[in-house]
Amino acid sequence: MSSTPALLETAPRTVSAPTGPVGSIRLLVVDDHPVVCSGIVQLLGREPGIDVVGEARDGARAVELAAVTRPDVVLMDLRMPAMSGVEATRRIRALPSPAQVVILTTYEADSDVSRAVEAGAIGYLLKDSTREQIAEAVRTAALGRSSLSPEIAARLLRASRRATKRACEPALSPRETQVLGHVAQGLSNAQIGARLFVSEATVKTHLLRAYTKLGVDSRAAAVAEAIRRGALEV
Numbered sequence: 001m002s003s004t005p006a007l008l009e010t011a012p013r014t015v016s017a018p019t020g021p022v023g024s025i026r027l028l029v030v031d032d033h034p035v036v037c038s039g040i041v042q043l044l045g046r047e048p049g050i051d052v053v054g055e056a057r058d059g060a061r062a063v064e065l066a067a068v069t070r071p072d073v074v075l076m077d078l079r080m081p082a083m084s085g086v087e088a089t090r091r092i093r094a095l096p097s098p099a100q101v102v103i104l105t106t107y108e109a110d111s112d113v114s115r116a117v118e119a120g121a122i123g124y125l126l127k128d129s130t131r132e133q134i135a136e137a138v139r140t141a142a143l144g145r146s147s148l149s150p151e152i153a154a155r156l157l158r159a160s161r162r163a164t165k166r167a168c169e170p171a172l173s174p175r176e177t178q179v180l181g182h183v184a185q186g187l188s189n190a191q192i193g194a195r196l197f198v199s200e201a202t203v204k205t206h207l208l209r210a211y212t213k214l215g216v217d218s219r220a221a222a223v224a225e226a227i228r229r230g231a232l233e234v
């Protein structure tokens, strides 16, 4: 857990029952950079209808504060010490009265977006978003609606299409994967056969079947495609 004290963690409103303005959106801000976190708090604290009830510097503290302050929305950084934003999101969403989580980060890799959404985040914004865009995402999330920028939505669509494509691809058998693993190590068919106690012809049969499933026609291409699909680790 970060040793840096959160700006609002000692304020009474971070450890008490909800006391903000009636109808206001209770917001918890989570970011491991103090200046960034304080800046977001100051910006959104001036937005009508948004009541910042606390801030945290890491995921573990965010989960603790979410359980105590019962925010409507958590604005969550992605990569932090002690506990990542993805894991913190997963735990916050598992609370008895879970807040909606909007990711606010500098990271936009497809894998980051997918992991955050799978953990339960309802929104995903980049830190170059304007104050108006962030505030609107908070308000949208409080209503239980998704808030994704067009770029992030496109990334999710691409990731979904890739997952669908992988699901439709024929899977390698354990023996085919084993043979390709030996191929990746530079072994010949004869050497692989000796390792696996099978004939060289049997090894060739496994390779040809793997070629068909992977849509390739060479040993190197088979290894590369198997790695790309995640079927082989080298």
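Under UniProt numbering, the letters of the sequence shown match residues 1 to 234, in that order. Using N, Cα and C, we set each Cβ at its ideal position, and we do this for glycine too. Quick caveat, the model's predicted, so the values are computed rather than measured.
- Is the Cβ-Cβ distance between G123 and T140 less than 8 angstroms? Yes, the Cβ-Cβ distance between G123 and T140 is below 8 angstroms.
- Straight-line gap, R70 to D31 (C-alpha atoms, nearest Å): In a straight line, the C-alpha of R70 is about 18 angstroms away from that of D31.
- Query: So E225 is in the alpha helix (DSSP H); what residue range does that whole segment cover?
  - Reply: Taken as a continuous stretch (DSSP letters only), the alpha helix (DSSP H) holding E225 covers R219 to R229.
- Query: Since A62 and A88 are thought to touch, with beta carbons under 8 angstroms apart, how far apart are those beta carbons, to the nearest angstrom?
  - Reply: So it is a contact: roughly 5 angstroms between Cβ atoms.
- Can you tell me whether DSSP reads V198 as helix, strand or coil? When DSSP states are grouped into helix, strand and coil, V198 belongs to the coil group.
- Item | E118 burial status per 10 Å Cβ neighbour count (16 or more: buried) | Result: exposed.
- Query: Which term fits E233, buried or exposed, when burial requires 16 or more other beta carbons within 10 angstroms of its beta carbon?
  - Reply: Under this definition E233 is an exposed residue.
- Task: Look at the alpha carbon of A171 and the alpha carbon of A231, and state the distance between them as a whole number of angstroms.
- Result: Their Cα atoms are separated by approximately 8 angstroms.
- Task: May I ask you to list the residues that DSSP assigns as paired with V102?
- Result: Partner(s): L75 and G123.
- Give the secondary structure of E132 by DSSP, where H, G and I count as helix, E and B as strand, and everything else as coil. Here DSSP, grouped into helix, strand and coil, assigns E132 to helix.
- What residue range is occupied by the uninterrupted alpha helix (DSSP H) comprising L28? For L28, there is no enclosing alpha helix (DSSP H); the enclosing beta strand (DSSP E) has its first and last residue at I25 to V30.
- Item | For V36 and L214, the rounded distance between their alpha carbons | Going from the Cα of L214 to the Cα of V36 covers about 46 angstroms.
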